[in-house]
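Each remark here refers to the structure printed beneath this line.
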Amino acid sequence: MFRLIQKLDLMRIVLGICMVVDGPPLITFLKETVHLAPNSQAFTAAFQGLGFVLMIPFTFLRRLYTPNILLFWMAIWFIILCIFYMFYFNGEPGFKGYATDLTYFAFSLVFILLLLNVPNDIIEVAIPVIILFTFISNLALLYAMVTDPTWSIGQRAAINYGTTDTGERMGNPHIFARNALMCVVACGVWAFRSQTGPLMRIATLFTGAFSIAILIMTQTRSSIVALAIVVGLFLFFNVRPAQIKSAIRGLRHPFSLITIFLMFFAFSMFVRKYNDVYGILYGYAVSFMERNLENVYALLGLQSSGAAYKAALDASAANRAVSANFFSNVVVGHMEMLIFGNGYKFLYLDVPVMEAWVNHGIPGLVLFGGMNILILYYCFRVMKNNPNPLSTFLAYFYILIFVQLFTNGRPYEQSFWYPLGLMIRFIGIESLFPVRLWNNPPSVDYNGYAVPSALSATDDETAAS
Numbered sequence: 042m043f044r045l046i047q048k049l050d051l052m053r054i055v056l057g058i059c060m061v062v063d064g065p066p067l068i069t070f071l072k073e074t075v076h077l078a079p080n081s082q083a084f085t086a087a088f089q090g091l092g093f094v095l096m097i098p099f100t101f102l103r104r105l106y107t108p109n110i111l112l113f114w115m116a117i118w119f120i121i122l123c124i125f126y127m128f129y130f131n132g133e134p135g136f137k138g139y140a141t142d143l144t145y146f147a148f149s150l151v152f153i154l155l156l157l158n159v160p161n162d163i164i165e166v167a168i169p170v171i172i173l174f175t176f177i178s179n180l181a182l183l184y185a186m187v188t189d190p191t192w193s194i195g196q197r198a199a200i201n202y203g204t205t206d207t208g209e210r211m212g213n214p215h216i217f218a219r220n221a222l223m224c225v226v227a228c229g230v231w232a233f234r235s236q237t238g239p240l241m242r243i244a245t246l247f248t249g250a251f252s253i254a255i256l257i258m259t260q261t262r263s264s265i266v267a268l269a270i271v272v273g274l275f276l277f278f279n280v281r282p283a284q285i286k287s288a289i290r291g292l293r294h295p296f297s298l299i300t301i302f303l304m305f306f307a308f309s310m311f312v313r314k315y316n317d318v319y320g321i322l323y324g325y326a327v328s329f330m331e332r333n334l335e336n337v338y339a340l341l342g343l344q345s346s347g348a349a350y351k352a353a354l355d356a357s358a359a360n361r362a363v364s365a366n367f368f369s370n371v372v373v374g375h376m377e378m379l380i381f382g383n384g385y386k387f388l389y390l391d392v393p394v395m396e397a398w399v400n401h402g403i404p405g406l407v408l409f410g411g412m413n414i415l416i417l418y419y420c421f422r423v424m425k426n427n428p429n430p431l432s433t434f435l436a437y438f439y440i441l442i443f444v445q446l447f448t449n450g451r452p453y454e455q456s457f458w459y460p461l462g463l464m465i466r467f468i469g470i471e472s473l474f475p476v477r478l479w480n481n482p483p484s485v486d487y488n489g490y491a492v493p494s495a496l497s498a499t500d501d502e503t504a505a506s
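The opening position of the sequence shown corresponds to residue 42 in my numbering, with each subsequent residue numbered one higher.
Shown next, in the form of structure tokens:
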């Protein structure tokens, strides 16, 4: 009974983390579909505040856990740099968002500091809670689309909001694409875990497939590119040539042939019975490829699919093309502008790592860019070693954050800093976790501690207190 209560308490903490990191899809559903508080910023703040409260463990401020120290201080100093520039080197004329931006930075710092209180034991329960939370958000999106009379098949998957009289309803598919990718990665980690039972594995794979369908319907480039990279990295780190040869030889066995036949038969029956669903997903996939080919044609100066008009970049791609052109002009003719930067929020480039350099100079590039390069290095190491489910999930999930560093957003946004907070707390310090939380614990001595050749594992008591 005590162990059950302890696990429920850990799940409560993970739920709070999910509400903070992945809260926007559910917040949008509650505000715009359930109509709890339409267009209310106070509701958003309250939802995140509840997430912060749920994150607080009973050992709050009595036991602090060691994060990745280098990443921690790089993050803290970059935030301090941004606040300093905000007051003393502001690049936005007539800037009035001091209170708002300081609140955002404060929320990010509070989240990072709360994570220092979160016990390592959440590793045991984190992935199932993440799967359940993201799956509920996917279902909420599906319900919102089905019940929205203004949404039609072919539109990007999102919860639309705004006035219907002027036709200005809009939605943000990026938050739902991120939620779907989180669900896919979490399902992949749990399904391919050796301790997962067959029924749970089937349910997890079904949930992951459903999330992939949602991801396709959002037609969000960065998330789909990230998914492709995640799959490639998973195959690279987990599939060896010998395994491929063994799998090919295994296909000739009668049991394998029967299994392939049954899978093909099941897929055929699904397509026949749910032909509309298949057609919708196929249409979304074709539309996504055509839209991106249009951008390729535009970059090459070609005509679109043989038409008489010249292909044009879409709005987001065109914005990044302008940003790249501006940056190249600065590098060629005004390199001195990149030493100390041009000031806080000087220019919205839609490329966060480039904006950190342009606005905050070399210090911004070293702190923000260097921190993300280090995280990527640690993530590759985690993918190779697969130390525990949570670290593996974060490593693959970070690929989306890394892609977005070059595709959309600003370096000041909470959508970056909340995931980065998780990386700071759990990535690159796997040797500090108790051996009982490792996927493949090494031999242990009489005290129950690991004796690996390259890593020194310690228990929770190694946390700085």
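Built from N, CA and C at the ideal position, the CB exists for glycine as well.
| request: Grab the span of the alpha helix (DSSP H) containing SER235 for me, first residue to last. | output: No alpha helix (DSSP H) contains SER235, which DSSP labels as neither H nor E.
| query | If you drop the 5 nearest sequence neighbours on each side, which residues of the same chain put their C-beta closer than 6 angstroms to that of ILE216? | reply | So the list reads PRO65 and PRO66, once near-sequence residues are dropped.
| For PRO430, does the count of other Cβ atoms within 10 angstroms reach 16, so buried, or fall short, so exposed? | buried
| said: Between the alpha carbons of VAL62 and ARG103, how many angstroms are there, rounded? | reply: One C-alpha to the other measures close to 25 angstroms.
| Since PRO482 is in the alpha helix (DSSP H), which residue starts that stretch and which ends it? | Counting along the chain, no alpha helix (DSSP H) covers PRO482, and no H or E run does either.
| query | Taking the alpha helix (DSSP H) that THR188 falls in, what are its first and last residues? | reply | THR188 -> alpha helix (DSSP H) spans 167-188.
| said: I want to see whether chain C comes within less than 8 angstroms of ILE380, judged by CB atoms only; does it? | reply: Protein chain content of the structure displayed is limited to a single chain, and chain C is not contained in it.
| Which same chain residues, not among the five before or five after MET236, have their C-beta less than 8 angstroms away from its C-beta? | Strictly speaking, residue 236 in this sequence is Gln, with Met absent from that position. So no residue of the chain qualifies.
| query | Do ILE124 and SER149 have their C-beta atoms within less than 8 angstroms of each other? | reply | At least 8 angstroms separates the beta-carbon of ILE124 from that of SER149.
| said: Buried or exposed for LEU45, going by 16 or more other Cβ atoms inside 10 Å? | reply: Burial call: exposed.
| DSSP three-state assignment for MET42, whether helix, strand or coil | coil
| request: With DSSP collapsed to three states, give me the class of TYR453. | output: TYR453: coil per DSSP, three-state reduction.
| task | Check whether the Cβ atoms of ILE414 and LEU435 lie closer than 8 angstroms to each other. | result | no
| query | Looking at the unbroken alpha helix (DSSP H) that takes in LYS425, where does it start and where does it end? | reply | 411-426
| task | Could you tell me if ASN179 is buried or exposed, where buried requires 16 or more neighbouring beta carbons within 10 angstroms of its beta carbon? | result | buried
| said: Going by beta-carbon coordinates alone, are PHE438 and LEU417 separated by less than 8 angstroms? | reply: no
| query | Can you tell me the Cα-Cα spacing of VAL266 and GLY195, whole angstroms? | reply | 20 angstroms
| task | Would you kindly report the start and end of the unbroken alpha helix (DSSP H) that includes TYR139? | result | 139-156
| field | Whole-angstrom distance between ASP50 and ILE465, CA atom to CA atom | value | Near 23 angstroms, if we compare the C-alpha coordinates of ASP50 and ILE465.
| field | Simplified DSSP state of ILE270, which is helix, strand or coil | value | helix
| Within 8 angstroms, strictly: CB atoms of PRO428 and GLU471 | yes
| message | Relative to the C-alpha of PHE251, which candidate in LEU91, LEU240, GLY229 and PHE233 has its C-alpha closest? | response | GLY229
| request: Compare the Cα-Cα distances from ILE68 to each of PHE128, TRP118 and LEU182 and report the closest residue. | output: LEU182
| field | MET376 - DSSP class collapsed to helix/strand/coil | value | coil
| said: I'd like the span of the alpha helix (DSSP H) that includes SER472, first residue to last. | reply: Neither: SER472 is in no alpha helix (DSSP H) and is coded neither H nor E.
| said: Whether or not the stretch 71-85 and the stretch 168-176 are in contact is what I'm after, with contact meaning three or more pairs of Cβ atoms, one per stretch, closer than 8 angstroms; do they touch? | reply: Contact between the stretch 168-176 and the stretch 71-85 is absent: fewer than three C-beta pairs spanning the two stretches fall below 8 angstroms.
| Limits of the alpha helix (DSSP H) - the one that HIS401 falls within | 393-405
| Could you give the distance in angstroms between the alpha-carbon of LYS48 and the alpha-carbon of VAL166? | 7 angstroms
| How is the alpha helix (DSSP H) around MET127 delimited, first residue to last? | Looking at the DSSP string, the run of the alpha helix (DSSP H) that includes MET127 is 110-129.
| field | First and last residue of the uninterrupted alpha helix (DSSP H) at THR448 | value | THR448 -> no alpha helix (DSSP H), and no H or E assigned at all.
| field | Length of the line joining the Cα atoms of VAL55 and ASN449 | value | 27 angstroms
| field | Anticipated Cβ contact below 8 angstroms, GLY402 with LEU388, distance rounded | value | LEU388 and GLY402 do not touch by the CB rule: their CB atoms are close to 13 angstroms apart, not below 8 angstroms.
| Where the alpha helix (DSSP H) containing LEU90 begins and where it ends | According to the sequence provided, residue 90 is Gly. The question's Leu does not apply to it. Unbroken alpha helix (DSSP H) run through GLY90: 82-96.
| message | Give me the residue from LEU463, ALA116 and ALA198 with the minimum Cα distance to ILE58. | response | LEU463
| Does DSSP classify TYR389 as helix, strand or coil? | coil
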